[in-house]
Amino acid sequence: NAGVTQTPKFQVLKTGQSMTLQCAQDMNHNSMYWYRQDPGMGLRLIYYSASEGTTDKGEVPNGYNVSRLNKREFSLRLESAAPSQTSVYFCASRTSGNTDTQYFGPGTRLTVL
Amino acid sequence: AQSVTQLDSHVSVSEGTPVLLRCNYSSSYSPSLFWYVQHPNKGLQLLLKYTSAATLVKGINGFEAEFKKSETSFHLTKPSAHMSDAAEYFCVVRRETGGTSYGKLTFGQGTILTVHP
Chain A
225 NAGVTQTPKF QVLKTGQSMT LQCAQDMNHN SMYWYRQDPG MGLRLIYYSA
275 SEGTTDKGEV PNGYNVSRLN KREFSLRLES AAPSQTSVYF CASRTSGNTD
325 TQYFGPGTRL TVL
Chain B
481 AQSVTQLDSH VSVSEGTPVL LRCNYSSSYS PSLFWYVQHP NKGLQLLLKY
531 TSAATLVKGI NGFEAEFKKS ETSFHLTKPS AHMSDAAEYF CVVRRETGGT
581 SYGKLTFGQG TILTVHP
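Taken in sequence, the protein lines are chains A and B. Heads up: the first sequence runs through residues 225 to 337, numbered per the numbering used here. Heads up: the second sequence runs through residues 481 to 597, numbered per the numbering used here.
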């Protein structure tokens with residue numbers, strides 16, 4: 225099992241460019257999440273998908289869109305990148321139940337110039 | 481609403497001395513609580529979790545945490561620090577009931593642990 229994988233690992237964009245961050249999990253988890261991590265702010269939830277075919281906004285959804293392509297894949301799209309979106313982005317997945325845990329990918333470090 | 485406050489942004493200890501990372505939480509519902517660790521340029525790894533079973537929770541690498549409902553605290557401790565413990569630590573609360581917010585994680589701001597030789 226690879227767990228949660230993310231591509232790319234690093235990306236530099238110019239203001240106004242668009243890109244899609246890819247995330248896939250091979251643990252047959254129902255729920256998937258996108259977070260951004262900024263210094264001194266912990267991780268903040270951008271969007272999540274409780275199950276295949278559903279997506280919901282988190283704390284900081286503005287400037288982002290998501291697609292739950294199938295049970296395995298959950299992508300995050302920046303339509304028009306802004307310097308404020310410079311951050312490290314983490315994808316996570318979770319099974320269900322009382323003792324479940326979120327499993328995190330290795331992250332994508334994005335810089336918007 | 482739920483929230484997490486990590487009381488120290490930086491903690492510095494000497495190798496072999498005890499570690500204490502403090503966390504207070506606020507939740508209107510019965511929470512689950514977690515500690516995650518992030519080593520430099522790495523993803524997050526689960527250290528331990530509390531899910532309403534035993535209040536003293538043991539995790540990996542000798543860490544443990546005690547859930548104290550009366551104090552709304554979930555402090556992380558380790559008896560003897562090792563150089564490899566140097567990392568950033570996040571206290572996290574998860575809402576266990578309540579419609580569409582079920583399962584959402586709320587992260588603390590993080591505590592950077594430095595271990596001196």
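Glycine included, every Cβ here is placed at the ideal spot set by N, Cα and C. All figures in this text were calculated on a predicted structure; none of them were measured in a lab.
Use the C-beta contact count for residue i: other C-beta atoms within 10 angstroms, 16 or more gives buried, fewer gives exposed.
i, result
"GLU283 (chain A)", "exposed"
"LYS558 (chain B)", "buried"
"LYS538 (chain B)", "exposed"
"SER506 (chain B)", "exposed"
"LYS238 (chain A)", "exposed"
"VAL499 (chain B)", "buried"
Go ahead and pull the three-state DSSP assignment for residue i.
i, result
"GLN589 (chain B)", "coil"
"ARG256 (chain A)", "It is worth fixing the name first, because residue 256 (chain A) is Met in this sequence and not Arg. It is a strand residue."
"MET243 (chain A)", "strand"
"ASP280 (chain A)", "strand"
"PRO330 (chain A)", "coil"
"SER273 (chain A)", "strand"
"PRO285 (chain A)", "coil"
"PRO423 (chain B)", "Residue 423 (chain B) lies beyond the residue range present for chain B, which begins at 481 and ends at 597; the question has no answer from this structure."
"GLN249 (chain A)", "strand"
"GLN309 (chain A)", "helix"
"GLU303 (chain A)", "coil"
"HIS295 (chain A)", "Checking the displayed sequence, the identity of residue 295 (chain A) turns out to be Lys instead of His. In this structure, LYS295 (chain A) counts as coil in the three-state DSSP scheme."
"ASN521 (chain B)", "coil"
"ALA481 (chain B)", "coil"
Rounded to whole angstroms, what is the Cα-Cα separation between residue i and residue j?
i, j, result
"ILE270 (chain A)", "SER492 (chain B)", "32 Å"
"THR231 (chain A)", "GLN589 (chain B)", "26 Å"
"SER508 (chain B)", "THR310 (chain A)", "33 Å"
"LEU536 (chain B)", "PHE587 (chain B)", "21 Å"
"TYR327 (chain A)", "LEU337 (chain A)", "30 Å"
"VAL484 (chain B)", "TRP515 (chain B)", "11 Å"
"GLU303 (chain A)", "ASN286 (chain A)", "11 Å"
"LEU585 (chain B)", "LEU487 (chain B)", "19 Å"
"ASP565 (chain B)", "SER512 (chain B)", "24 Å"
"HIS519 (chain B)", "THR278 (chain A)", "32 Å"
"PRO597 (chain B)", "THR332 (chain A)", "32 Å"
Which residues bound the beta strand (DSSP E) around residue i?
i, result
"LEU487 (chain B)", "No beta strand (DSSP E) holds LEU487 (chain B); DSSP gives it neither H nor E."
"SER532 (chain B)", "Element bounds for SER532 (chain B): n/a, residue is neither H nor E."
"SER506 (chain B)", "503-506"
"THR231 (chain A)", "228-231"
*asked:* Just to confirm the assignment: which complete beta strand (DSSP E) runs, minimum length 3, are found wholly within the region 541-575 of chain B?
replied: You should have 544-548, 553-558, 567-575.
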